[in-house]
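Visitor: Structure below; questions to follow.
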Amino acid sequence: MQVTSSVRKPLVTGGKTTHDVTEDICRQVEGKPTKTWMLAMAISLGFLAVGCYTLFYTLWDGIGMWGLNKTIGWAWDITNFVWWVGIGHAGTLISAILLLFRQKWRMSINRAAEAMTIFAVICAACFPMIHMGRLWLGFYWALPLPNTFGSLWVNFNSPLLWDVFAISTYFSVSLVFWYIGLIPDFATIRDRATNKISKAVYSALSFGWDGAAKTWARYESVALILAGLATPLVLSVHTIVSFDFATSVIPGWHTTIFPPYFVAGAIFSGFAMVLTLLLITRKVYKLEDYITINHIELMNIIVMVTGSIVGVAYITELFIAWYSGVEYEQYAFLNRATGPYAWAYWSMMTCNVISPQLFWFKKIRTSLVATFVLSIVVNIGMWFERFVIIVTSLHRDYLPSSWAMFTPTFYDVGDYLLTFGLFFTCFFLFAKFFPVINMAEVKSIIKSDSLKEK
Amino acid sequence: MKDNKKQYWKGLEELKNDPEFVKYADKEFPEYLPINNRSTEGDEAVGSSRRDFLKLMGFGVAAASLAACEAPIRKAIPYLNKPVDVDPGVANYYASAYVQGGDYCSVVVKTREGRPIKIEGNKLSKISQGGVSAQVEASVLSLYDDERLKHPYINGEKATWQDVDKEVIGKLNSVSGTGGKISIVSNTVLSPSTKAVVEEFKAKFSNVEHVIYDTYSALGIRKANEATFGKAIVPSYDFSKAQVIASFGADFLGTWISPIEFTKQYSKTRKISKGNAKMSRHYQFESNLSLTGANADYRSPTKPSQEGLAVAQLYNLIAAKAGVSGSAVKIDGVQHLEKAANDLWASRGKSLVVSGSNDSAVQAVVNGINQLLGNYGSTIDIDLPVNYRQGDDTQMNTFVESLKQGGVAAVIFLGSNPVYNHPKGGEIASALEKAKLKLSTASTMDETAALCDIVAPDHHYLESWNDASPRSGTYSLVQPVIRPLFDTRQAQESLLIWAGNNTEYYEYLRNYWNTNFYANQSSQIGFQSFWDKTLHDGIYEHKASVDTTDADDTVSSSDETVADISQAFAQIQKNYKADNTGIELALYQKVAIGDGSQANNPWLQEMPDPVTKATWDNYLTISQAMAAELGVAQKEGDTNLVNLTVGGQSYEVPVVIQPGQAKGTVGLALGYGRKNAGKVANEIGLDAYPFVTTLNGSISYNMSEGVTVEATGKSYQVARTQTHQTIMGRTILQEAYLPEYEKNPSAGRSFPKIATSTGKKSPYDVTLWKGHKYENHHWGLVVDLNSCTGCSACTISCQAENNVPVVGKEEVLNRREMHWIRIDRYYSSPEGASEYKDLEKAADNPEVTFQPMMCQHCNNAPCETVCPVAATTHSSEGLNQMTYNRCIGTRYCANNCPYKVRRFNWFKYHDNRQFADVNTSMNNNLGKMVLNPDVTVRSRGVMEKCSFCVQRIQAGKLEAKKEGRRPQDGEIDVACASSCPADALVFGDMNDPKSKISQMLKLDKTENGVKVGEERAYHVLEEISVKPNVSYLTKIRNKDVADKEA
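As given, the protein sequences belong to chains A and B, one line each in that order. Sequential numbering of the first sequence, starting at 1, is according to the UniProt record's numbering. Sequential numbering of the second sequence, starting at 1, is according to the UniProt record's numbering.
What follows is the structure, given as structure tokens:
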């Protein structure tokens, strides 16, 4: 146990005992689904249904159902992909990097954040799949598999192939990391289970966890190893995603600043999404003592810092465009700010650069309502960031004869809704059947302050 | 059965009762099968082993699943008796001629397995010289139009030819018996033998009249020539000899008289090199921005009401120089007119003035100008008349009047459709009832045929025997390249039968040629060899009549013979005004749709208009000033509808804002608004034929009075393939004025430099790539921006060659047209524009540049590196190849293409009901016959693009290999280059120092790689160092440097 400063504020308030922790968390899993949950689930399933309808027609009739054209070959599809991947950054960052830095406040939020990561990555992975003209072949042709086509191999030069590796690695490591963390808690639920079915299910899920000291020791070391593995991945995934653009020749894409800028943006949007979800979970599950204002404030500070990094990156891009002296680059950025898609650019600027600056005010960063609103604003802004990068760069590139506009169709919107439906369906199922807070870890910090137990 | 003593044995063993056989007789399988065999061997022999079971089961499962994967059955029927010259997979070429009304082009038809699939130009023809137009290229698809008539009709019912003949002959006899008038109404007939057939018909029945009209009349020229020279003919023009050209509204590169021929000639004057820095100077005075105007060096927007005055003024200016008295008719303030006069006078004898006007008074003055300039005998040959426009508006008007009064008892529409394409079509339609016999030989149920009692459908020209005489002394044979697809009959044969002559038209044609042409020549001995030679070459020139021009130089350069044209001046004074304030409407023909006779051809409907880049629609072109007045806005495909009132009748038409449109004028195309053309063309756009009026005795396509345009505020979408009109100051286009080029052959070139640690370097010297070694061939293409006129024949040629789908108006609006080669058209921005906002606007009268754009086959191709599955790769001969069946459709390559030439199959365009009405060549069995079997029809979800016609390269290499030699230069040519009437595209092997392309680029192989010696040659976007294999030659305008400010 580390030495804890006597002035450090308690990480868990309300004088919770270890028993209280178990009770508070397990109550949600063991109780009957509430009406609010049922309603929320119904709405998610509704989104999912609309999404399945549009997805069916996208796959049945072709990518032409979207608003893409000869000039703009990617728009909402890859925007959504990068957006979801970005969101999927916070979970692993919280659990891995903050674990390595011994930031104990992470313990009450990492479970939900990791779950969010995994669902976001699943949603993200949908888009590179469905955006392919021939999904039925592409889903395995993009893998370096031995085949009967002679010496036919994938193109290792292609950033899209790097994406395949980056995303799949990140997803597997995140999933394992998250699941390992869940095992002791599953065991707790198993031990408390009263009906046979739950007992059977949770005992299977808990992999025969026995709570022995040796098991705990192994658990700790696995967590540490996985954290070590996951840490570089947090940085690499979005770096590689940014290569999709940075290695191209299109003005506005061909930019060396993209890797750090994308990673900062990903953390920015990821934390915003964590905030959105946790504020709701905290309220609905009455977890105010575990997810305290302190947590929210800390996360808001991260949002503010990464938001500022992103802002600096935007300004650097503009500066470099001017400084490069490259006509096409200059036009691309001027066009972003003043062209037909200026509204998207200025939405992005407002949401991403200006709005997080409000968190300099303590009053705002400790206000639940303001945080909730701003967290959504940030994610809208980050969606626009990707839209601006992808669409406004493509729509007016080198030859003015090919300049075009992009207008989304019902199917663009529907396929985006599909991932919302999928994400929230998964998240609500998780919130109902899995412990949303890591009980085992939180129990270790309930007395991390210097106050005596009452 | 009992009586049957016969015995059957399974084999000799049973017959002999071999003990070995008897031993195993009861066993189903002979002992040597491994199943049983195995069981008797080994220590633990107990039946089949597990291994056998697994083997058998594995085989069984595999066999069952293979059997389940049933491949769709495609019937391929081998030849029972193989025709001698038809080999599967080997193309045959037949010379023929495209004849559509008065339009003519000598062609070579490519057939595969008996199906014509592609039209090429016939290089032996002295008229079209191997050039073709978009309409000619597209005509092969019209052959496979499912809406062509499949049998004759009597009163709208299916009929047999016997019935038709009986009915027609009966009616003709009864009409003839009562002395009733029989009218044969046709467009220009180029065929001498057809004229003989008509004569024969006339001889059989008394009172037969052959009425000829043209869908775009040139009567004014004929009348003027009759007045000037006493010959009512259209002379032949030779633009190649003209150093200065002034055209008053004649779109001679697009639609006027013989555009393919004129483009060939004109382009010869636009070829320029360091040693020969000379080119023609072209002035154009017109109201609509035509294809020709877009190519002019100096273009002056002129209202139609001023056209006559401008011509008169030019006459005055030239006359002043010639010391001849001018006239009092004049106009001031026509831009560049005096300059034109000076230039014309300076190159008299080597200049040419033409006018598109159908007013004989204007044409008479034009004749006067050309006489003053001494152009007769050099650029105009009055002794070598052309036959393209024989229509007589007056005769047609008389026919209509007579029809209305019931004076025509029988009318035969010989392939003509006047109800649609004659201004009095409405009157004809209502008066037709009065005729006793109404017959059409149209091959579709067009507007006229639908009103006829009898429809005797003619063959398509690719199914017919025919001949043509485009100009006196030059003849072509038309030969069938496929058996008639339907129960149709050649119109000439029908006429012969009705006239009581049962000779087959083929025999008739041969006899005609035997008597008329064979007798007059001496190069071939024996008619058969003469016939075979002509049929092989496609053309025959009658030397004697061709040579008359040089021998008989009666009306050559002499100004004393200038005819008296004072009457013409008086008429011009009366009919034209310098200060008309009302809106004027100028009707024109589009390069693709023309008079609308091929409107049901989806290739032509989807071909972007060379100037407006619009497809699938008719629209009013208005000037930028008028757009501002009307408050009409245009953004992407969105535009507004306006109320166009002509002669008291109002129509709603969409507008397209057209830079270069003369202020106060609007333009509208003919050839749209078809009602009975077929499902592709019906009800597309507004029909402008009813607007056509009469001026000075002939049809006039300009309305100067009674035209109003009012905004309606309604929105509408016009599908355009290019919506941004200007170049934005980029060096994608590199151009210069001729005087600059004379001083510096690199004028206008841009040389980008990249700063490195060792100083500024050319982008090509800074690279991470190792480059490719081309040991064998290295294919390349050169595009001469100076000769490209933008005619778009290449686009359609490529479409036919490479099975490029048509996607329809909706999909063009979605910016998803599939053309592999497009022609980017850029307007210059207003003078002094430097801010991007100003650069986005086009000048009021812009300089226009056409830039053909296709896959650039980059040596450092950005598409190749990004494809995750290596579906697009580089060949050992410099081609950027696309492997369709490896493509998974991520579209990354298209995004990363700086030239945006990649095309994605957004939908399944073949066998898809959604596209059945537009993409006819891939959606019905008949249409599919046009597909090139050497090129895959792409499935949905894959990327495609220009392949440099790799199938042609392969075919050419194979041909050479069979003969054990290297392919010769010119033997392998891509579809776009081979069809180009301006020879602006040159394809070839850059590794062959003797090839035309190597010489054009002046390629010089050094140790550090290949250096391009030609100063005008550049690559588009050199700064990004993708190193294309397509080079462009700078555009040089023959303008004075002082005019840069003008």
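The beta carbon of each residue, even a glycine, is placed where N, CA and C say it ideally should be. Values in this document were obtained by computation on a predicted structure and should not be read as measured data.
Check the Cβ of residue 1076(B) against every Cβ in chain A and list those closer than 9 Å, keeping chain order.
Guide: One cannot answer for residue 1076(B) here, as it falls past the ends of chain B, which runs 1 to 1046.
Visitor: Starting from the C-beta of residue 1067(B), find all residues in its chain whose C-beta is less than 7 Å away, skip the five residues before and the five after it, and write them out in chain order.
Guide: Residue coverage of chain B in this structure runs from 1 to 1046, which leaves residue 1067(B) outside it and unanswerable.
Visitor: Under 9 Å Cβ-Cβ, which residues of chain A neighbour residue 816(B)?
Guide: 64, 68, 69 and 70
Visitor: Please classify residue 552(B): does DSSP put it in a helix, a strand, or coil?
Guide: Residue confidence for residue 552(B) is low, a pLDDT of 42 falling below 50, so the modelled location carries little weight and cannot support an answer.
Visitor: So for residue 310(A), helix, strand or coil by DSSP?
Guide: helix
Visitor: By DSSP, does residue 546(B) sit in helix, in strand, or in coil?
Guide: For residue 546(B), the pLDDT reaches just 47, beneath the cut-off of 50, and the residue's location in the model is therefore unreliable, leaving the point undetermined.
Visitor: Helix, strand or coil for residue 585(B) per DSSP?
Guide: strand
Visitor: So, are the CB atoms of residue 662(B) and residue 301(B) less than 7 Å apart?
Guide: yes
Visitor: So who's on the other strand from residue 666(B), going by DSSP bridges?
Guide: 585(B) and 622(B), per the DSSP bridge assignment.
Visitor: Using a Cβ-Cβ cut-off of 7 Å, state whether residue 869(B) counts as contacting chain A.
Guide: yes
Visitor: For a cutoff of 7 Å on Cβ pairs, would you count residue 84(A) as touching chain B?
Guide: no
Visitor: Beta carbon of residue 310(A), beta carbon of residue 265(A): below 7 Å?
Guide: yes
Visitor: With burial defined as no fewer than 16 other Cβ atoms inside 10 Å of the residue's Cβ, what is the status of residue 769(B): buried or exposed?
Guide: exposed
Visitor: In the DSSP assignment, find the alpha helix (DSSP H) that holds residue 267(B) and state where it starts and stops.
Guide: 259-268
Visitor: On the criterion of 16 or more Cβ atoms from any shown chain inside 10 Å, does residue 558(B) qualify as buried, or is it exposed?
Guide: Because the pLDDT at residue 558(B) is just 43, under 50, the model does not fix this residue reliably, and the value given afterwards should be weighed accordingly. The residue is exposed, with fewer than 16 neighbouring Cβ atoms inside 10 Å.
Visitor: Quick one, which of 485(B), 482(B) and 478(B) has its alpha-carbon nearest residue 506(B)'s?
Guide: Of 485(B), 482(B) and 478(B), the residue nearest in Cα terms is 478(B).
Visitor: Helix, strand or coil: which one does DSSP assign to residue 102(A)?
Guide: Looking at residue 102(A) - three-state DSSP - the assignment turns out to be coil, as it is neither helix nor strand.
Visitor: Within 10 angstroms of the Cβ of residue 331(A), are there 16 or more other Cβ atoms? Answer buried if so, exposed if not.
Guide: buried
Visitor: Please decide whether residue 136(A) counts as near chain B, where near means a Cβ-Cβ distance under 7 Å.
Guide: no
Visitor: Give the DSSP-derived three-state secondary structure of residue 38(B) in the structure shown.
Guide: Confidence in residue 38(B) is poor, its pLDDT being 49 and thus under 50, which makes the residue's placement unreliable; the coordinate value appears in the next sentence. Reduced to three states, the DSSP call for residue 38(B) is helix.
Visitor: Can you give, in chain order, each stretch of the beta strand (DSSP E) that sits fully within the segment 376-457 of chain B and has at least 3 residues?
Guide: 380-386, 410-414 and 437-440
Visitor: Could one say the Cβ of residue 105(A) lies closer than 7 Å to chain B's Cβ atoms, at least one of them?
Guide: no
Visitor: I'd like to check one pair, residue 108(B) with residue 93(B): are the Cβ atoms closer than 7 Å?
Guide: yes
Visitor: Taking contact to mean 3 or more Cβ pairs, one atom from each stretch, closer than 8 Å, check whether the segment 652-671 of chain B and the segment 580-598 of chain B are in contact.
Guide: yes
Visitor: Within a Cβ cutoff of 7 Å, which residues of the same chain sit near residue 524(B), ignoring the five residues on either side of it in sequence?
Guide: 530 and 533
Visitor: Looking only at its chain, what residues have a beta carbon closer than 6 Å to the beta carbon of residue 803(B), apart from the 5 residues adjacent to it on each side?
Guide: 931, 932, 935 and 937
Visitor: What are the uninterrupted segments assigned as beta strand (DSSP E) that are 3 or more residues long and contained completely in the segment 274-299 of chain B, given in chain order?
Guide: 281-286
Visitor: Report the residues of the segment 764-789 of chain B with a CB closer than 8 Å to any CB of chain A, ordered along the chain.
Guide: From the segment 764-789 of chain B, no residue has a Cβ closer than 8 Å to chain A.
Visitor: Residues of chain B with a CB under 8 Å from the CB of residue 151(A): which are they?
Guide: What residue 151(A) touches in chain B: nothing, since even the nearest Cβ is about 11 Å away.
Visitor: Kindly examine the ligand MN and report whether one of its heavy atoms sits closer than 6 Å to the Cβ of residue 401(A).
Guide: Looking at this structure, you won't find the ligand MN or any other ligand, since it has none at all.
Visitor: For the segment 611-629 of chain B against the segment 679-696 of chain B, do three or more pairs of beta-carbon atoms, one drawn from each stretch, fall closer than 8 Å, so that the two count as touching?
Guide: yes
Visitor: Which value, in whole angstroms, describes the spacing of the CA atoms of residue 1063(B) and residue 416(A)?
Guide: Only positions 1 to 1046 of chain B appear in this structure, which leaves residue 1063(B) out of reach.
Visitor: Residues of chain B with CB under 9 Å from residue 131(A), in chain order?
Guide: At a C-beta separation below 9 Å, residue 131(A) has these neighbours in chain B: 889, 890 and 891.
Visitor: Name the DSSP bridge partner or partners of residue 784(B)?
Guide: Looking at the DSSP assignment, residue 784(B) forms a beta bridge with 1033(B).
Visitor: Using a Cβ cut-off of 9 Å, pull out every chain A residue sitting near residue 862(B), in sequence order please.
Guide: Contact note: residue 862(B) reaches chain A through 248, 249 and 250, using a C-beta cutoff of 9 Å and chain order.
Visitor: Buried or exposed: residue 92(A), going by 16 or more other Cβ atoms within 10 Å of its Cβ?
Guide: buried
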